[in-house]
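The structure appears right after this line, and notes come after that.
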Amino acid sequence: MADDEKRPQQNGHHFLLVAVGIQSHINPALVLVHRLSRLGVDAPVHATLSVPITTYRRMFPSPAAAAIEETATTDGVVSYVPYSDGADDGSWPKDADDRALRRLASSESLSAIVAGFAARGRPVTCMMCTVVSLPVFDVARQHNIPVAIYWIQPATLLAINYHYFHGYNELIASHATDPTYEVCLPGLSRPLRIGNFPSFLIDISGSERVKAFIEVFQELFEYTDQWRPKVLVNTFDELEVSVIGEMKKHLDVFTVGPMVGSSTEARIHLFKHDNVDEKRYMEWLQAQLEKSVVYVSFGSVTKNSKRQMDEIIGGLQQSGRPYLLVVRKDGLEDDDGSHHSLEDTQSQGMVVEWCDQLEVLSHSAVGCFVSHCGWNSTIEAVVSGVPVIGVPNMFDQPTNIYLIEEEWEIGVRVERNSDGVVTGIELARCIELVMGEGPKAMTIRERSKVLKEIAQASANIGGYAEKNLHDFVKTIQVNDAFCTDGTMSKSIKP
Numbered sequence: 001m002a003d004d005e006k007r008p009q010q011n012g013h014h015f016l017l018v019a020v021g022i023q024s025h026i027n028p029a030l031v032l033v034h035r036l037s038r039l040g041v042d043a044p045v046h047a048t049l050s051v052p053i054t055t056y057r058r059m060f061p062s063p064a065a066a067a068i069e070e071t072a073t074t075d076g077v078v079s080y081v082p083y084s085d086g087a088d089d090g091s092w093p094k095d096a097d098d099r100a101l102r103r104l105a106s107s108e109s110l111s112a113i114v115a116g117f118a119a120r121g122r123p124v125t126c127m128m129c130t131v132v133s134l135p136v137f138d139v140a141r142q143h144n145i146p147v148a149i150y151w152i153q154p155a156t157l158l159a160i161n162y163h164y165f166h167g168y169n170e171l172i173a174s175h176a177t178d179p180t181y182e183v184c185l186p187g188l189s190r191p192l193r194i195g196n197f198p199s200f201l202i203d204i205s206g207s208e209r210v211k212a213f214i215e216v217f218q219e220l221f222e223y224t225d226q227w228r229p230k231v232l233v234n235t236f237d238e239l240e241v242s243v244i245g246e247m248k249k250h251l252d253v254f255t256v257g258p259m260v261g262s263s264t265e266a267r268i269h270l271f272k273h274d275n276v277d278e279k280r281y282m283e284w285l286q287a288q289l290e291k292s293v294v295y296v297s298f299g300s301v302t303k304n305s306k307r308q309m310d311e312i313i314g315g316l317q318q319s320g321r322p323y324l325l326v327v328r329k330d331g332l333e334d335d336d337g338s339h340h341s342l343e344d345t346q347s348q349g350m351v352v353e354w355c356d357q358l359e360v361l362s363h364s365a366v367g368c369f370v371s372h373c374g375w376n377s378t379i380e381a382v383v384s385g386v387p388v389i390g391v392p393n394m395f396d397q398p399t400n401i402y403l404i405e406e407e408w409e410i411g412v413r414v415e416r417n418s419d420g421v422v423t424g425i426e427l428a429r430c431i432e433l434v435m436g437e438g439p440k441a442m443t444i445r446e447r448s449k450v451l452k453e454i455a456q457a458s459a460n461i462g463g464y465a466e467k468n469l470h471d472f473v474k475t476i477q478v479n480d481a482f483c484t485d486g487t488m489s490k491s492i493k494p
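Counting from 1, position 246 in the sequence shown corresponds to residue 246 in UniProt numbering; the numbering is continuous, with no gaps.
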């Protein structure tokens, strides 16, 4: 056997995971590289996380880290290295030309990183990307390295996107303005209403961002059809058993979730401020009754108008329950686009700019989670056994609340009024529906408890998530790499 064919067995694997530089990608990526690093299947497993330069500077703001941006730094377990997209300002591409330039710059930067690792005797044996980091495919093909996709959303989203680009796009597009129209997709246990599809698949605005999403996902699934890369999904089998079984007919799927950090070392908080008083809100939680607190947070992207936030606070006060409300300083907008602040003047609740969400959800005082339903927040709620009140806005959130409410029965979705606003009356109604003593509340709490136990069993050392990750690592071979004709040299068996 040639020397390069023996490389993974002799020196161990080195996984290079390239993540989009936003909070929703960073934390599941960080958990994955940590879990890869602790495996050691027949040989050591090394993992490196690469993020855009702007994100790297926020993750490691010290002058020492800034001084070594061209090389990898480490936390003692995982290595970190920044890459450049050519703009390096954290902005979204303006148009197709800008996207092409940034893709080329990202590919060149990542190629240099791969070459640098090889020169230092730590060759990359597998490249990975969080869903949409397409330059990874360019670089993997250039260096003849196996590639895998880390799907950080639920398997249901993988199925929806896959089938959209495999024969269902015209049907979905033709009914995009009818949120009640139902589409039957393979693997889903029931028809899916258009209103529960990911937002960019039914967006008819023609905006540059929507065009970019469609183009990226279309190319992604063209890659999967041609090269059949392995796909790691941040879910567990019992959560989406039917759809996972269906997708394994089309893709080489490994369920490795729930990818939720078990310690502060395995999480990064891009929006945490130095002056955050964590002791204050934790002491406040400690003083509350068990399962009495309404925890409210809308993630790292959503901005609420003053009118909307007034309605939310009104609903929380109307509920009569203690609440912990998280509102970033830049997360509120007045009608003129300027920002306004909230004063914590209500003895009933506490308003903070940031909190450690997993720590809060794990606290016995928390009884429900009012959430935008991003997948990280959703899976953290599942792991913590906390019922959800969903206020979805965009991207995967409409699908996630469908899963929460209809598939798993661990929460409810608020209904917006004709102006798209969640009224205080509606929020208070949903809080009572989830935290009250009615039969629906009892079902939701019991289902949340059951899924928590299953999720924790999967995530434990030696659980199914670790087993599947072991299986994934053992299947990565040099002959999984790209051939000179651009195809994968080894495809999965049907």
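Note that beta-carbon positions come from the ideal geometry of N, C-alpha and C, so glycine has one too. Small disclaimer: the values here were computed from a predicted structure and weren't measured.
Original post:
Which class does Leu-192 belong to by DSSP, given the choice of helix, strand or coil?
Top reply: As a first step, residue 192 must be located in the sequence shown, where it is residue number 192. The answer is strand: DSSP assigns Leu-192 an E or B state.
**OP:** Kindly indicate which residue of Glu-208, Gly-187, Gly-257 and Glu-219 has the alpha-carbon position closest to the one of Met-247.
**Re:** For the purposes of this step, residue 247 is taken as the residue at position 247 of the sequence shown. Answer by Cα proximity: Gly-187.
Original post:
Rounded to the nearest angstrom, how far is the Cβ of Pro-229 from that of Ile-160, given a contact under 8 Å?
Top reply: Counting from one through the sequence shown, the residue named residue 229 turns up at place 229. Counting from one through the sequence shown, the residue named residue 160 turns up at place 160. That pair is no contact at about 19 Å.
Original post:
Phe-395 and Phe-236 look like a contact to me (Cβ under 8 Å); what is the Cβ gap, rounded to whole Å?
Top reply: On the sequence shown, residue 395 is found 395 positions in, with the first residue counted as 1. On the sequence shown, residue 236 is found 236 positions in, with the first residue counted as 1. Contact doesn't hold; Cβ gap of about 22 Å is too wide.
Original post:
Using the C-alpha atoms, what's the distance from Glu-353 back to Gln-23?
Top reply: Here residue 23 is taken as the residue at index 23 of the sequence shown, counted from 1. Here residue 353 is taken as the residue at index 353 of the sequence shown, counted from 1. If I take the Cα positions, the gap works out to 16 Å.
Original post:
In its own chain, which residues sit with a C-beta less than 6 Å from the C-beta of Val-383, not counting the 5 before and 5 after it?
Top reply: Working through the sequence shown from its first residue, we reach residue 383 at position 383. Cβ within range, chain order: Pro-258, Val-260 and Ala-455.
**OP:** Would you list the one or two residues that DSSP bridges to Lys-230?
**Re:** Indexing the sequence shown from 1 puts residue 230 at position 230. Answer is Ala-148 and Asp-252, bridged to Lys-230.
**OP:** Identify whether Asn-393 lies in helix, strand or coil by the three-state DSSP scheme.
**Re:** One-based indexing of the sequence shown puts residue 393 at position 393. Looking at Asn-393 - three-state DSSP - the assignment turns out to be coil, as it is neither helix nor strand.
Original post:
By a C-beta neighbour count over all protein chains shown, 10 Å radius and 16 as the cutoff for buried, is Thr-55 buried or exposed?
Top reply: For this step, residue 55 is matched to residue 55 along the sequence shown. Buried, because 16 or more other Cβ atoms sit within 10 Å of the Cβ of Thr-55.
**OP:** In angstroms with no decimal places, state the Cα-to-Cα distance between Leu-16 and Leu-49.
**Re:** Locating residue 16 in the sequence shown gives position 16, where the first residue counts as 1. Locating residue 49 in the sequence shown gives position 49, where the first residue counts as 1. Spanning the two alpha carbons is a distance of roughly 6 Å.
Subject >> Residue range of the unbroken beta strand (DSSP E) whose run includes His-46 >> reply: The residue labelled residue 46 in the question sits at position 46 within the sequence shown. Here the beta strand (DSSP E) through His-46 covers 45 to 52.
**OP:** Sort Ile-425, Pro-123, Arg-35 and Glu-208 by Cα distance to Asp-310 and report the nearest one.
**Re:** Taking the sequence shown and counting its residues from 1, one reaches residue 310 at position 310. Nearest option by C-alpha distance: Ile-425.
Original post:
Which residue's Cα is closest to the Cα of Gln-317: Ile-431, Gln-226 and Val-421?
Top reply: Walking along the sequence shown from the start, residue 317 turns up at place 317. The residue with the shortest Cα to Cα distance from Gln-317 is Ile-431.
Subject >> Cα-Cα separation, Val-360 to Arg-190 >> reply: As a working mapping, residue 360 is identified with position 360 in the sequence shown. As a working mapping, residue 190 is identified with position 190 in the sequence shown. Near 34 Å, if we compare the C-alpha coordinates of Arg-190 and Val-360.
Subject >> Per-residue DSSP class, three states only, for Ser-377 >> reply: Counted from its first residue, the sequence shown places residue 377 at position 377. Annotated three-state conformation of Ser-377 is helix, per DSSP.
Original post:
So, helix, strand or coil for Gly-462, using DSSP?
Top reply: Against the sequence shown, residue 462 aligns to sequence position 462. In the structure shown, Gly-462 sits in coil (DSSP, three-state: anything other than H, G, I, E or B).
Subject >> Pairwise C-alpha distance: Asp-252 and Lys-490 >> reply: Taking the sequence shown and counting its residues from 1, the one referred to as residue 490 is at position 490. Taking the sequence shown and counting its residues from 1, the one referred to as residue 252 is at position 252. Any reading at Lys-490 must be qualified, since the residue scores a pLDDT of 46, below 50, and its modelled position is unreliable; the value itself is stated next. Their backbone Cα atoms lie some 12 Å apart in a straight line.
Subject >> Straight-line gap, Val-399 to Val-210 (C-alpha atoms, nearest Å) >> reply: Counted from its first residue, the sequence shown places residue 399 at position 399. Counted from its first residue, the sequence shown places residue 210 at position 210. Correcting the residue identity first, residue 399 is Thr in this sequence and not Val. Each residue's alpha carbon lies about 17 Å from the other.
Original post:
When we look at the beta-carbon of Trp-408 and count the other beta-carbons within 10 Å, is it buried (16 or more) or exposed?
Top reply: Counted from its first residue, the sequence shown places residue 408 at position 408. Result: buried.
Original post:
Where does Leu-16 fall in DSSP's three states?
Top reply: Taking the first residue of the sequence shown as position 1, residue 16 is located at position 16. Looking at Leu-16 - three-state DSSP - the assignment turns out to be strand.
Original post:
Which stretch, first to last residue, makes up the beta strand (DSSP E) that contains residue 530?
Top reply: Missing from the structure shown is residue 530; the chain here goes from 1 to 494 and no further.
**OP:** Output the distance between the C-alpha atoms of Thr-475 and Val-147, rounded to the nearest integer angstrom.
**Re:** Taking the first residue of the sequence shown as position 1, residue 475 is located at position 475. Taking the first residue of the sequence shown as position 1, residue 147 is located at position 147. The straight-line gap from Cα to Cα measures roughly 12 Å.
**OP:** Would you give the residue range spanned by the beta strand (DSSP E) that Met-309 belongs to?
**Re:** One-based indexing of the sequence shown puts residue 309 at position 309. That residue, Met-309, is in no beta strand (DSSP E); its alpha helix (DSSP H) goes 306 to 319.
Original post:
Val-139 and Leu-110: beta carbons closer than 7 Å?
Top reply: Here residue 139 corresponds to residue number 139 of the sequence shown, with the count starting at 1. Here residue 110 corresponds to residue number 110 of the sequence shown, with the count starting at 1. Yes, these two residues count as a Cβ contact at 7 Å.
Original post:
Which same chain residues, not among the five before or five after Thr-443, have their C-beta less than 8 Å away from its C-beta?
Top reply: Here residue 443 refers to the residue found at position 443 of the sequence shown. Same-chain partners within the cutoff: Glu-409.
Original post:
Helix, strand or coil: which one does DSSP assign to Ser-371?
Top reply: Here the question's residue 371 lines up with position 371 in the sequence shown. Ser-371 carries a strand assignment under DSSP once its states are collapsed to helix, strand and coil.
**OP:** Identify, in the order they occur along the chain, each residue of the same chain with its Cβ nearer than 8 Å to the Cβ of Glu-405, setting aside the five sequence neighbours on each side.
**Re:** Against the sequence shown, residue 405 aligns to sequence position 405. So the list reads Gly-390, Gly-411, Val-412 and Arg-413, once near-sequence residues are dropped.
Original post:
Of the residues Gly-374, Cys-368 and Arg-328, which one's Cα is nearest the Cα of Cys-355?
Top reply: For the purposes of this step, residue 355 is identified with residue 355 of the sequence shown, where counting begins at 1. Ranking Gly-374, Cys-368 and Arg-328 by Cα distance to Cys-355 puts Arg-328 first.
**OP:** Pick out whichever of Glu-215, Trp-375 and Thr-156 has its Cα sitting closest to the Cα of Glu-240.
**Re:** Along the sequence shown, read from residue 1 onward, the residue named residue 240 stands at position 240. It is Thr-156 whose Cα lies nearest to the Cα of Glu-240.
Original post:
Are the beta-carbon atoms belonging to Tyr-323 and Gly-349 less than 7 Å from one another?
Top reply: For the purposes of this step, residue 323 is taken as residue 323 along the sequence shown, with counting starting at 1. For the purposes of this step, residue 349 is taken as residue 349 along the sequence shown, with counting starting at 1. Yes, these two residues count as a Cβ contact at 7 Å.
**OP:** Evaluate Leu-285 with the Cβ neighbour count: other Cβ atoms within 10 Å of its Cβ, from every protein chain shown; 16 or more gives buried, anything less gives exposed.
**Re:** By 1-based counting over the sequence shown, the position of residue 285 is 285. With 16 or more other CB atoms across the displayed protein chains lying within 10 angstroms of its CB, Leu-285 is buried.
**OP:** Out of Ala-105, Ser-448 and Phe-117, point me to the one whose CA is closest to Gln-46's CA.
**Re:** Position 46 of the sequence shown, counted from the first residue, corresponds to residue 46. The sequence shown places His at residue 46, rather than the Gln named in the question. Of Ala-105, Ser-448 and Phe-117, the residue nearest in Cα terms is Phe-117.
Original post:
With which residues is Ser-79 paired in a DSSP beta bridge?
Top reply: Translated into positions along the sequence shown, residue 79 becomes position 79. Answer by DSSP bridge pairing, in chain order: Thr-48 and Thr-74.
Original post:
Leaving out the 5 sequence neighbours to the left and right, which residues in its chain are closer than 7 Å to Gly-337 when beta-carbon positions are compared?
Top reply: Here the question's residue 337 lines up with position 337 in the sequence shown. Low confidence applies to Gly-337: its pLDDT is 49, below 50, so where it sits in the model is not reliable, and the reading given next is rough at best. There are no such residues.
Original post:
When we look at the beta-carbon of Ser-174 and count the other beta-carbons within 10 Å, is it buried (16 or more) or exposed?
Top reply: Indexing the sequence shown from 1 puts residue 174 at position 174. Burial call: exposed.
Original post:
Out of curiosity, what's the CA-to-CA distance linking Ser-418 and Tyr-168?
Top reply: Working through the sequence shown from its first residue, we reach residue 418 at position 418. Working through the sequence shown from its first residue, we reach residue 168 at position 168. Roughly 30 Å between the two C-alpha positions.
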